[in-house]
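S.K.: Chains as they are written, first to last, in the numbering used here: chain A, 1 to 366; chain B, 367 to 732; chain C, 733 to 1062; chain D, 1063 to 1392.
Backbone N, C-alpha and C define an ideal beta-carbon position, used for all residues, glycine too.
Remember, predicted model here, so these are calculated numbers, not experimental data.
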Amino acid sequence: MHEVSYQGEIRLTRYLDDAGNPLADMPAWACGETPWVGYYQQMVLARQFDTRAISLQRTGQLGTYASLLGAEAIDVVCASLMQAEDVLVPYYRNHAMQMIRGTPMAQLLLYWGGDERGSAAPEMHRDLPNAVPIATQCLHACGVATALKLRNEHQAVLTMIGDGGTSKGDFLEAINVAGAWQLPVVFIINNNQWAISVPRSKQCIAPTLAQKALGAGIRGEQVDGNDAVALHDVVGQALERARAGKGPTLIEALSYRLSDHTTADDATRYRPADELKAAWTRDPVARLRNWLHRQALWDEVREQSWLAEARQLVEAAITVYQATPPQGVDELYNHLYAECPAELAEQREQAQTRQQRRQQGGADHE
Amino acid sequence: MHEVSYQGEIRLTRYLDDAGNPLADMPAWACGETPWVGYYQQMVLARQFDTRAISLQRTGQLGTYASLLGAEAIDVVCASLMQAEDVLVPYYRNHAMQMIRGTPMAQLLLYWGGDERGSAAPEMHRDLPNAVPIATQCLHACGVATALKLRNEHQAVLTMIGDGGTSKGDFLEAINVAGAWQLPVVFIINNNQWAISVPRSKQCIAPTLAQKALGAGIRGEQVDGNDAVALHDVVGQALERARAGKGPTLIEALSYRLSDHTTADDATRYRPADELKAAWTRDPVARLRNWLHRQALWDEVREQSWLAEARQLVEAAITVYQATPPQGVDELYNHLYAECPAELAEQREQAQTRQQRRQQGGADHE
Amino acid sequence: MNNHAITLLEAVNLALARALEDDSDVVLMGEDIGANGGVFRATDGLQARFGERRVIDTPLAETMIAGLSVGLSTQGIRTVAEIQFMGFIFPALEHLIAHAARMRNRTRGRLSCPMVLRAPFGGGIHAPEHHSESTEALLAHIPGLRVVIPSSPVRAYGLLLAAIRCDDPVIFLEPKRIYRASKTLVEDDGNALPLDTCFTLREGRDITLISWGAMIQETLAAAHRLEQEDDILCEVIDVATLNPIDHATLIASVKKTGRCVIIHEAPHHGGLGAEISATLCEQVLTSLQAPPRRVTGDDTIMPYYRNEQLYLPDVDDIIMAVKETMEYSG
Amino acid sequence: MNNHAITLLEAVNLALARALEDDSDVVLMGEDIGANGGVFRATDGLQARFGERRVIDTPLAETMIAGLSVGLSTQGIRTVAEIQFMGFIFPALEHLIAHAARMRNRTRGRLSCPMVLRAPFGGGIHAPEHHSESTEALLAHIPGLRVVIPSSPVRAYGLLLAAIRCDDPVIFLEPKRIYRASKTLVEDDGNALPLDTCFTLREGRDITLISWGAMIQETLAAAHRLEQEDDILCEVIDVATLNPIDHATLIASVKKTGRCVIIHEAPHHGGLGAEISATLCEQVLTSLQAPPRRVTGDDTIMPYYRNEQLYLPDVDDIIMAVKETMEYSG
Ligand SMILES: Cc1ncc(C[n+]2csc(CCOP(=O)(O)OP(=O)(O)O)c2C)c(N)n1
Ligand SMILES: Cc1ncc(C[n+]2csc(CCOP(=O)(O)OP(=O)(O)O)c2C)c(N)n1
Ligand SMILES: [Mg+2]
Ligand SMILES: [Mg+2]
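Spelled out as C-alpha cells, the structure:
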C-alpha cells in the first residue's frame, strides 16, 4: 500500500542557442542595449585578464592561477545583479565577480602572485576572500546570511562552488541549513563538467546537480551557464527572492572549463580533445556577441575599440602589480591576532634580525 | 524558456493502521505465522531488554544507555531480513539488530556497562561495532560495501542513522558515493522525530528525509516504521536489490522515540507530553500484536509464556554481565597496535606497578 | 544570581548571560542549547530569556556549526558556539584551522573572526566512548587560535567573558569533571580576566606544579598533602591559556624553585606538557636541580568508563612524581 | 624500473606499484589519482596498469575518503588513500581519530584498520594558500595512529611498503619540497624498512641534529658545512616515524654528544620538537652540556608564496643554532 508523499522537479532555463539565436520569441526585458552590452564588455575584460594572468604565470611572474575561461557569463551576470550591500562569498575562480564588485585587478594579481594584500582591498567591503578549501565557502555564506537576518538587513548573499565541490559535506550541510533557517543565500554551482581530472559523471549519479536542492527542501534549478540572458533571468529572481525573505535558491549553471584546471594542470592527460572542441562551440562570449550583433547592438568597430581598452586596463593593473614591493618580514606576524602576543612579538623581532642577516649573506658574515 | 530536466518522487508504504488493522486487502505474503510471530517475539524481547537495561542504569549498574523504545519493529525486521554474510554497520540504538545478528545480550550489557569487550563478541563476525560519532557509520558502510563489491561478494550492507544525523555531512557524502559507485548498501533512517531536544522540523525544511536520496540520485522511500509488514516489504526489497547489484536505497522509517534520548536525558524539559501520548497510540509492538491477535496467530497465553521466557533470557544475560570481572590494566595497552611498541609497553609496565600501588592504598604505603 | 556561591557550570551560564545582556551582537549556537539548556545545562534558561534569535538550536552538524560561526563572526556577530563534547570537535577543525585562525591574517586585518567555540572536555564522569577526550594539544598547536581552559568558577566567568570580548577566535574548553565539583562566590561584575597570563594558585618554595583544567584539583590536593605530610612547599600554576602560553610566569617560578612537575590528562606523546617542559629546559637549564617530570595520561585510548580511573592520573601519582623530583640527584 | 636512480616521488610510485602487484587486497583511492596520476604524479600509470577497480578516483570529499578507508580496511582491504595536500586533511580527522585509530582497541582486536593515508606536506614550492602546511604534530599526538615521514627515495620506498603492510593505520606524509630534489638508486626488491626506528644518516661526535622530512636536506647541508668550515662533527638523525617515536636512538646519540638541535618546519609551539626536546631533558639531563635548541617555523601562518622563504628555516639558521649550542656555557 503505497502513497506518494513527495514530488519535486528541476527546470532548465535557456534563451539563446549555441550560436546566439533566440530559442523562441524573446521577452521584452531581454531586448535592448542594457544590461547586455555591459555584460559583454565585462566578459571580454575578464577574458583579457585571464589571458594575461596565464601568460604572467607562464613567464614566472605569477603563481599558480585558476583560469575562468568559459565561466565569464556566470561570473559577470551574478556580480552585476548583486547590490553593493549584498555579500559575495567567492571561490577561487571568481575573478570577474570580484572585479565587478570593486576589487582592483592589481589586487587580484597580488593575490595570485602570493601576497596576502590581494585580499585586503578596502573595495571588497564585507565580501569574503577566496576560499581555497573546497565547499567551505558555502557554510560561510550561510553564516553571513544569518548575520544579515539577525540584523534585519534585507540583502542577499551569493556564493559559488564547482561541480566537484557538491560532493563535499560542507556544501550539503550548507544547503540544508539554508533551507531550515530560510536564509537569504543564492548558491551557484559552476558546473564546468570537471573537478581537475574527475568528470562530473563520477561525482554523482544524479542527472542534475540542482536536484540536491530537493534533498534540502529548497528551490533548485538549472540554467545554461553560457547564456547570459538565461542567467540574468534565473539569478536575478533568486537574488530578489533572497532579499525579500523568501529563502535560498540553488542554481546549477551548466558551463564548461575551457582551460586547464589551473596553470599547474595539464588537461590533455585526462580530457578528450574533441570534448573540449565541442565545448568551444558553446563559448559564452561568442554567444552573447552574436546575439548583440544580431540586434545591431555591437559591431566590429566597437569590438576593436573595447578590446583595446580592456587591454589597457589589464596592462595598467599589471604595471601596478609588478611595482608593488613585497611585504616586510614583520607582516608575517602583524595580522595574526588583534594584538600581537609577547612570545610572537619576540619571534617577530628575531625574524627581523634573521632577515637582515640573510640579506647580508648568511651566518658566516655576521 | 524553461524545460523540465528532472522529476522525482518519494512514496510511503503502510499496510497496517495504528490499531493493527489492514489498510486494504493484505497481500498473500503478509498472512500466516512466519515471519510475523517471530518478529513479534523479538520485539517483545527487545523491549524487555530495554526495560531492564534502564533499570540497571537507574540503580547504578550500567552506564548511560540509549533506549530503543519505539524502534523495535525497525530493528527487528531489518536484522531478521539480513543474511548472515550481509554486514551490519549499526548506530548506538541498534541493540535488537545486534542481538538478532548473534551478539549475546550479556555482551551488549558489557558495552553499555563501559567495557570494550562488548564489541568483541566473536558472534559479530565482520559487523562493525556501534558508532557513537553521529553519521560516521554511513561512510563506513560504504567502505564495507566497496570491499564486498571489490571481492565480488553479492551481499548487502545495512546501516542505520537517526533523523538528526541526516544533517551531517558524512551521511550526505555517503549516499552520494553510494549512488556514484552503485554500492550494495541499504541506509535506514530511524526518524524518531527528535535528535535529543531538537525536533525533526528544525533539522530540515524538506517534508520528507527520504527525498535526500533524490539529491544523491539513488532510490529513496518512506515507510511506516511502526508497521512491521510495511518494513518487511520495503527493507526486504532494498536488501535484495543491493545483493543483486542494483544499487543502494535510502529508507526513511517513520517512528517515534518513546523514551528519553538516553538515560542521561530528561525529555520532559523540551517535549510536549501530549505528543508522547499520541505517539503511544502508534506503538509498533501493540500494533503487531493486534494484527496477530486478529489472525488468531497470537493470544494471551502465548503472550504470557513468551514474556516469561523473554524475562528469563534477559535475567540470565544480566547475571553473566554482572559476573564478568573487569579487564586488567594491561588491557588498556594490549589492543591499540597489532604489536605493542616499546614505549607503550613501558607505560603498560608502569601502569601495572601503579595499579598494584593503588590497590595497596596509595603512595604513602609504598 | 549576584554574590551566590556557584559551580563552574553555573559560572559559564552566568558569563554567557552577561555577554548576551551587554552586547546585542553576541549570539549562542549549538546542538540542544535552547529549550534543553545544553546537555550539561550550561545554557539553561538563556533561550527563554534572550529568545530563539540569539540562542539558536542548530541542525546536527559540527562542520556546519564551525562554518556558520566563521561566516557570522566575519560580519561582527560574536558567535559563541557549543560543541556538545570535545570528542565531536573534529568535523569543526577545517573551519577552525583553515579559516577562523586565518581570516584576519589572510585579509591583513580587513576581516576577523571574533568567535568562541566552547566544548566540555576530559574524563572521569562515566560517560560513553568519545565523551572523555582531552585533545587540547591539537588546537593549541594552531597559530591564530587562542585556547583557554578555566579551572574554577571565578576563572570560568572571567575567562569566558574575556574570550567572548576577544577579537580573535578562542577555543574555550570546559573541564566537565569539575563542572559541579564545588561552589565558590562569583561576582557578576562583568569583569573579564586576562587571556595572556597563567594563574599562580599557590606560592611555594620547593617545586613548581604546572597544570590546567580538572587536574588542577588533584594538583592542589597533592600540594596540600605534600605540605602537611612532607613539608614540601609546592607552587601551583594554572596555565589557563594554552596558546599563546605565558611562558614568562612559568619560567620565573621554575627559576625560583628549580624543580617542576607538569600534570595533564591528555596523552603524553606530543601533549602540551612537552612544550612546557621543553621551553623550561631550553630557557632555564642551569636553574634546574632535577629534570622536569610529566604526569599525564598514557599514549593509549581513554578506556570505556569501567576502567577510566585506570587511565586518569591521581593525587598519588603527582605526589610520587614530586617526591622523586625532590629526591633527584644527578 | 629496477636499479634506476629515481626521485622520492618515483619511489612512492614504485612502492605503490609493488604493493598492488604483491597483494590483491591493496587498493588505492583518492582525488585525481587515476588517469591524472595524482596532482604530483605519485600514482602515474597505476590505474592504466592495475585497473579502475584498484586505483579509484573518488568524489571530492576528504571525510568520505577517510570514512571509506575505515570501512574498507575493517574488511581487510588495505586501502592506501591519498589526500591531495595536507592542508585538506582536516575533514578526514574525525574518521582517523575517532575510528581508524580506535577500531582495534574498541573491538579488542576483532577488527582493525590496516589503512594508509598519504598526503604531501610542507612548504617551499610556491603553492597557493593551504598547500604548504606541516601539521604532523596533530596526527602524531593521536594514540593508535602511526605517523611516518620519509626523507629520501630509499626510505620512501621502504617505509611506504612497511606502512601498507602494517596492520595499524599509518599516516604517511610526503615532503613535497624534495619530491624531485635528487635521484638515488632504489632497488625494487620489495623489502620494507622498519617503522619503529630512527635513521642515523651521519655519525658525529659533537652534537646531534634531529629532523625529518624536507628539512633533512638543510640539516645535512648544515652538518656538511659545519664539518668543512668549523670542524664540528654533527650526528644527523632522521626521526622518520613520529609516532611512536624511537626515543632510544635519540637518547643514545645525545648521551654521546651532549648537545642537540631539533629542526622542523612546523610551528614551534606544541610542535614535535617539543616532545623530543622534553624527553631528552627528562631522560638525559645530566648528559646535556647545553640546552636543546629548536629551529622551527614560527607561531604564525605560513605566508603566501611570495614570502614563504621568510618563514622556512634555512641552512644558516641551523648552523647558527649549532654554533650557539656548541659555545653554550651555563
Ligand atoms: C578540501 C579540498 N580538497 C581538495 C582540494 C584540491 N582541489 C582544488 S580545486 C579541486 C577540484 C575542484 O573542482 P570543482 O569543484 O568542480 O571546481 P572547479 O575547479 O572545476 O571550478 C581540487 C580537488 C581543495 N582545494 N580543497
Ligand atoms: C558528531 C556528534 N555530534 C554530537 C553527538 C551527541 N549526540 C549523541 S546522539 C545525538 C542526537 C542524535 O539524534 P538522531 O540522529 O535523531 O538519532 P536518535 O538518537 O534520535 O536515534 C547527539 C547530538 C554525537 N554523538 N556525535
Ligand atoms: Mg568543476
Ligand atoms: Mg532522532
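(1) Is it true that the CB of Ala141(A) sits closer than 8 Å to the CB of Val157(A)?
(2) Is Asp163(A) near ligand 3, in the sense that its beta carbon is under 7 Å from a heavy atom of that ligand?
(3) Which term fits Lys202(A), buried or exposed, when burial requires 16 or more other beta carbons within 10 angstroms of its beta carbon?
(4) Any heavy atom of ligand 2 closer than 7 Å to the Cβ of Asp792(C)?
(5) Apart from the five residues just before and just after Leu1042(C), which ones in its own chain have a Cβ nearer than 7 Å to its Cβ?
(6) Once the 5 residues before and after Asp1229(D) are set aside, which same chain residues still bring their CB inside 7 Å of it?
(7) At the 8 Å Cβ level, is Val510(B) part of the contact set with chain G, yes or no?
(8) Would Thr1032(C) pass as an interface residue toward chain B - the criterion being a Cβ-Cβ separation below 8 Å?
(9) State the DSSP-derived secondary structure class of Arg723(B), mapped to helix, strand or coil.
(10) As a quick exercise: from Leu172(A), Asp274(A), Ala210(A) and Leu288(A), pick the residue whose alpha carbon is nearest that of Ala793(C).
(11) Consider the Cβ of Ile809(C): report whether some Cβ of chain A lies at a distance smaller than 8 Å.
(12) Which of the three DSSP states is assigned to Gly220(A) in this structure?
(13) For chain A, find out if any of its Cβ atoms is closer than 8 Å to the Cβ of Asp928(C); answer yes or no.
(14) Give me the Cα-Cα distance between Met818(C) and His873(C), rounded to the nearest whole angstrom.
(15) Could you tell me whether any non-hydrogen atom of ligand 2 is closer than 7 Å to the CB of Ala561(B)?
(16) Measuring alpha carbon to alpha carbon, tell me which of Ser985(C), Ser866(C) and His956(C) ends up nearest Arg909(C).
(17) Quick one: does the C-beta of Pro133(A) sit closer than 7 Å to a heavy atom of ligand 1?
(18) Taking the C-alpha atoms as reference points, what is the distance between Gln251(A) and Pro495(B)?
(19) On a Cα-Cα basis, can you pick out the residue from Ala195(A), Pro325(A), Gln327(A) and Leu150(A) that is closest to Asp265(A)?
(20) Could you tell me which of Arg1267(D), Arg1208(D), Pro1190(D) and Asn1098(D) sits nearest to Thr1259(D), measuring between CA atoms?
(21) Quick check: what's the CA-CA separation for Gln721(B) versus Val695(B)?
(22) DSSP three-state call for Met1063(D): helix, strand or coil?
(23) Mind listing which residues of the segment 532 to 564 of chain B have their C-beta closer than 8 Å to chain A's C-betas, in chain order?
(24) How many angstroms separate the CA atom of Gly1392(D) from the CA atom of Ala1352(D)?
(25) Mark Ser1086(D) as exposed unless 16 or more other C-beta atoms lie within 10 angstroms of its C-beta, in which case mark it buried.
(26) Using 8 Å as the Cβ pair cut-off and three pairs as the minimum, do the segment 1306 to 1326 of chain D and the segment 1334 to 1345 of chain D touch?
(27) Helix, strand or coil, according to DSSP, for Gln61(A) in the structure here?
(28) In the segment 1229 to 1307 of chain D, which residue ranges form an unbroken alpha helix (DSSP H) of at least 4 residues, counting only runs that do not cross its ends?
(29) Please find out if some non-hydrogen atom of ligand 3 comes closer than 7 Å to the beta-carbon of Arg367(A).
(30) At the level of alpha carbons, what is the spacing between Glu675(B) and Gly611(B)?
(31) With DSSP as the reference, identify every bridge partner of Ala195(A), one or two as the case may be.
(32) Closest to Glu742(C) by C-alpha separation, out of Val886(C), Pro999(C) and Ala832(C), would be which residue?
(33) Got a sec: is the Cβ-Cβ distance from Phe1183(D) to anything in chain A below 8 Å?
(34) Alpha carbon to alpha carbon, how far is Met733(C) from Ala747(C)?
(35) Which residues in the same chain as Asn542(B) place their Cβ atom closer than 6 Å to its Cβ, once the five residues preceding and following it in sequence are excluded?
(36) Can we count Asn558(B) as close to ligand 4, meaning its CB is less than 7 Å from some heavy atom?
M.R.: For this structure:
(1) The residue you call residue 157(A) lines up with position 157 of the first sequence. The residue you call residue 141(A) lines up with position 141 of the first sequence. Yes. Within cutoff.
(2) Here residue 163(A) refers to the residue found at position 163 when the first sequence is read from its first residue. Checking the Cβ of Asp163(A) against ligand 3 gives yes.
(3) Residue 202(A) sits at position 202 when you count from the first residue of the first sequence. The residue in question, Lys202(A), is buried, as its Cβ has 16 or more Cβ neighbours within 10 Å.
(4) For this step, residue 792(C) is matched to residue 60 along the third sequence. Sequence check: residue 792(C) is Leu here, not Asp. Result yes, Cβ under 7 Å from ligand 2.
(5) Against the third sequence, residue 1042(C) aligns to sequence position 310. Taken in chain order, the residues that qualify are Pro1035.
(6) Taking the fourth sequence and counting its residues from 1, the one referred to as residue 1229(D) is at position 167. For Asp1229(D), where only same-chain residues beyond five positions count, the Cβ hits under 7 Å are Ser1174 and Pro1176.
(7) This model lacks chain G altogether; the protein chains it does include are A, B, C and D.
(8) Locating residue 1032(C) in the third sequence gives position 300, counting from the first residue. So yes, Thr1032(C) belongs to the interface.
(9) Start at 1 with the first residue of the second sequence, and residue 723(B) comes out as number 357. Arg723(B) falls in the helix class under three-state DSSP.
(10) What you label residue 793(C) is simply residue 61 of the third sequence in a count that begins at 1. Checked all of Leu172(A), Asp274(A), Ala210(A) and Leu288(A); the closest Cα to Ala793(C) is Leu172(A).
(11) As a first step, residue 809(C) must be located in the third sequence, where it is residue number 77. At least one chain A Cβ lies under 8 Å of Ile809(C).
(12) Residue numbering aside, residue 220(A) sits at position 220 when the first sequence is read from its first letter. Of the three classes helix, strand and coil, the one that applies to Gly220(A) here is strand, per DSSP.
(13) Translated into the one-based positions of the third sequence, residue 928(C) becomes position 196. Taking 8 Å as the threshold, the shortest C-beta distance from Asp928(C) to chain A falls below it.
(14) Taking the first residue of the third sequence as 1, we reach residue 818(C) at position 86. Taking the first residue of the third sequence as 1, we reach residue 873(C) at position 141. Rounded to the nearest angstrom, the two C-alpha atoms are 16 Å apart.
(15) On the second sequence, position 195 is the one that residue 561(B) refers to. Here the distance from the Cβ of Ala561(B) to the nearest heavy atom of ligand 2 is below 7 Å.
(16) As a position in the third sequence, residue 909(C) is number 177, starting the count at 1. Looking at the Cα atoms, Ser866(C) is the closest of the given residues.
(17) Taking the first residue of the first sequence as 1, we reach residue 133(A) at position 133. Pro133(A) has its CB nearer than 7 Å to a heavy atom of ligand 1.
(18) Mapped onto the first sequence, residue 251(A) falls at position 251. Mapped onto the second sequence, residue 495(B) falls at position 129. According to the sequence displayed, residue 251(A) carries Ile and not Gln. Answer to the nearest angstrom: the Cα atoms are 40 Å apart.
(19) Stepping through the first sequence from its first residue, residue 265(A) is reached at position 265. Closest by alpha carbon: Ala195(A).
(20) If you number the fourth sequence from 1, residue 1259(D) lands on position 197. Answer by Cα proximity: Arg1208(D).
(21) Against the second sequence, residue 721(B) aligns to sequence position 355. Against the second sequence, residue 695(B) aligns to sequence position 329. Using only the alpha carbons, I get a separation of about 7 Å.
(22) Here residue 1063(D) refers to the residue found at position 1 of the fourth sequence. Interpretation of Met1063(D) is limited by its pLDDT of 46, a score under 50 that renders its predicted location unreliable; the figure taken from the coordinates is listed afterwards. In the structure shown, Met1063(D) sits in coil (DSSP, three-state: anything other than H, G, I, E or B).
(23) Ser533, Lys534, Gly535, Asp536, Leu538, Glu539, Asn542, Val543, Gly545, Ala546 and Gln548
(24) As a first step, residue 1392(D) is located in the fourth sequence; it is residue number 330 there, counting from the start. As a first step, residue 1352(D) is located in the fourth sequence; it is residue number 290 there, counting from the start. About 7 Å.
(25) Reading the fourth sequence from its first residue, position 24 is the one you call residue 1086(D). The residue is exposed, with fewer than 16 neighbouring Cβ atoms inside 10 Å.
(26) yes
(27) Position 61 of the first sequence, counting from 1, holds the residue named residue 61(A). Three-state result, Gln61(A): coil.
(28) 1277 to 1292
(29) There is no way to answer for residue 367(A), as the model of chain A reaches only from 1 to 366.
(30) As a working note, residue 675(B) is residue 309 in the second sequence. As a working note, residue 611(B) is residue 245 in the second sequence. Rounded to whole angstroms, Glu675(B) to Gly611(B) spans 40 Å at the Cα level.
(31) As a working mapping, residue 195(A) is identified with position 195 in the first sequence. Paired residue(s): Val198(A).
(32) For the purposes of this step, residue 742(C) is taken as the residue at position 10 of the third sequence. Measuring from the Cα of Glu742(C), the nearest candidate turns out to be Val886(C).
(33) Position 121 of the fourth sequence, counted from the start, is the residue given in the question as residue 1183(D). Taking Cβ atoms only, chain A never reaches closer than 8 Å to Phe1183(D), which makes this a no.
(34) What you label residue 733(C) is simply residue 1 of the third sequence in a count that begins at 1. What you label residue 747(C) is simply residue 15 of the third sequence in a count that begins at 1. Only weak support is given to the placement of Met733(C): the predicted model assigns it a pLDDT of 46, under 50, and the value that follows is read from those uncertain coordinates. Approximately 11 Å between the Cα atoms of the pair.
(35) Here residue 542(B) refers to the residue found at position 176 of the second sequence. Once the five neighbours on either side are set aside, the close Cβ partners of Asn542(B) are Ala582.
(36) What you label residue 558(B) is simply residue 192 of the second sequence in a count that begins at 1. Yes, ligand 4 has a heavy atom inside 7 Å of this Cβ.
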